[in-house]
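Residue numbers (the numbering used here): 7 to 335. Taking it in order: structure first as structure tokens, then the write-up.
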Ligand SMILES: NC(=O)c1ccc[n+]([C@@H]2O[C@H](COP(=O)([O-])OP(=O)(O)OC[C@H]3O[C@@H](n4cnc5c(N)ncnc54)[C@H](OP(=O)(O)O)[C@@H]3O)[C@@H](O)[C@H]2O)c1
């Protein structure tokens with residue numbers, strides 16, 4: 007099978023194709039033929055070794071000294087079950103599934119084994135492989151942050167960076183919970199963010215959310231430009247600041263804000279819980295969450311797909327199709 011391998015840290019040219027044997031599923035695993043995956047901000051960070059401030063010294067020991075220890079990137083997939091291990095009971099060959107491998111990566115190859123009890127579920131029938139592949143990264147991130155924040159109906163939520171993968175999930179999932187959403191993005195994406203459920207959209211070039219009169223119960227920062235000192239005046243008493251993107255000092259100091267003020271600051275890596283994937287499936291089936299797709303590339307265009315993510319201004323997810331997945335099955 008064909009696999010895209012990250013040979014060292016650097017620009018998209020470090021990605022090369024190689025032939026690998028098709029893996030054999032263990033007793034508790036399914037062998038999935040990957041039909042679609044995404045190039046996420048996590049793939050860009052790992053490939054280019056671009057980490058938020060303070061994480062630099064930890065990067066190579068954690069990820070690999072000269073190249074990623076897991077050279078096949080890709081955190082999410084949609085595809086077809088080709089084979090199952092002897093102990094698998096919930097899936098069978100022919101099932102269409104989507105999965106979030108998260109920090110385990112390994113989706114940029116034609117076949118991937120996933121454990122039955124990991125983050126894998128039947129593909130929602132109303133989504134294409136391209137859409138299903140893009141369900142998990144932003145969706146699981148925001149389910150985890152909103153769970154930690156205790157988001158509830160009626161909350162006033164501000165999403166800074168509302169047009170990215172995480173931002174478009176943040177808007178849709180908050181709206182579905184009955185929150186009132188304000189999005190901050192480029193003017194050209196304002197219409198999209200409104201259709202996702204934002205009642206108000208601020209143009210990031212001309213409107214500063216800290217100058218708005220309305221206080222917010224929850225502020226989601228996917229950009230890294232909304233530290234607590236900046237948000238405090240517009241965060242309601244008891245409000246939560248969700249630093250999806252945070253520096254190491256911000257992450258370590260997050261609990262301190264709770265002791266010094268009546269705000270909660272929540273930061274750090276998301277927990278990769280299999281239950282999120284089942285929640286996302288239900289939300290997709292109900293029409294409450296549909297991933298936004300920035301662009302679609304063939305597998306042989308994987309370098310171009312990475313280059314698109316490197317630009318830092320994608321609107322939703324960058325999808326890579328493998329095999330003949332161009333059909334909207
Ligand atoms: N804590 C975690 O476990 C976790 C999980 C997932 C992601 N993340 C991090 O979260 C960040 C966002 O991820 P993503 O996948 O959503 O990235 P993305 O799709 O690239 O989205 C980033 C968005 O930020 C917008 N943006 C850039 N500068 C802005 C500004 N000054 N004001 C408002 N918006 C601005 C960009 O849109 P425009 O430039 O077009 O406005 C883009 O849509 C990444 O840094 C990622 O590493 C963390």
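All C-beta atoms in this analysis are idealised placements derived from N, C-alpha and C, irrespective of residue type, glycine included.
- Taking C-alpha positions only, residue 24 is separated from residue 224 by approximately 45 Å.
- Under the criterion of beta carbons closer than 8 Å, residue 40 and residue 116 qualify as touching, at roughly 6 Å.
- In the DSSP annotation of this structure, the continuous segment of the alpha helix (DSSP H) that includes residue 237 starts and ends at 234–237.
- Within the same chain, and ignoring the five residues on either side of residue 126 in sequence, the residues whose Cβ sits closer than 6 Å to its Cβ are 103, 105, 120.
- Going by DSSP, residue 117 is part of the beta strand (DSSP E) stretching over 117–121.
- Among the bridge pairs identified by DSSP, residue 277 is matched with none.
- When C-alpha distances from residue 157 are compared across 328, 295, 184, the shortest belongs to 184.
- Where residue 24 is concerned, the enclosing beta strand (DSSP E) starts and stops at 21–25.
- Each residue's CA atom was taken as its position, placing residue 113 and residue 80 some 4 Å apart.
- Shown here, residue 166 sits in a strand according to DSSP, grouped into three states.
- DSSP places residue 213 outside both helix and strand once states are collapsed to three, so it counts as coil.
- Distances taken from the Cβ of residue 320 to the heavy atoms of ligand 1 include one shorter than 7 Å.
- When only Cα atoms are considered, residue 164 and residue 31 end up about 44 Å apart.
- Distances taken from the Cβ of residue 190 to the heavy atoms of ligand 1 include one shorter than 7 Å.
- Checking the 7 Å criterion, the Cβ of residue 171 is within range of a heavy atom belonging to ligand 1.
- Assignment of residue 36 by DSSP, reduced to helix, strand and coil, places it in the strand class.
- The alpha carbon of residue 44 has as its nearest neighbour, out of 73, 138, 13, the alpha carbon of 138.
- Taking non-hydrogen atoms of ligand 1 into account, the C-beta of residue 147 is found less than 7 Å away from one of them.
- Between the C-alpha atoms of residue 87 and residue 129 there is a straight-line separation of about 11 Å.
- Straight-line measurement puts the Cα of residue 26 at about 44 Å from the Cα of residue 203.
- A straight-line Cα-Cα distance of about 25 Å links residue 58 and residue 266.
- The nearest non-hydrogen atom of ligand 1 is less than 7 Å from the C-beta of residue 47.
- For residue 11, the uninterrupted beta strand (DSSP E) run begins and ends at 8–12, by DSSP.
- Between residue 247 and residue 61, the C-beta spacing is not below 8 Å.
- A distance criterion of 7 Å places the beta-carbon of residue 166 in contact range of ligand 1, judged by its closest non-hydrogen atom.
- Per DSSP, residue 189 is one residue of the beta strand (DSSP E) stretching across 186–191.
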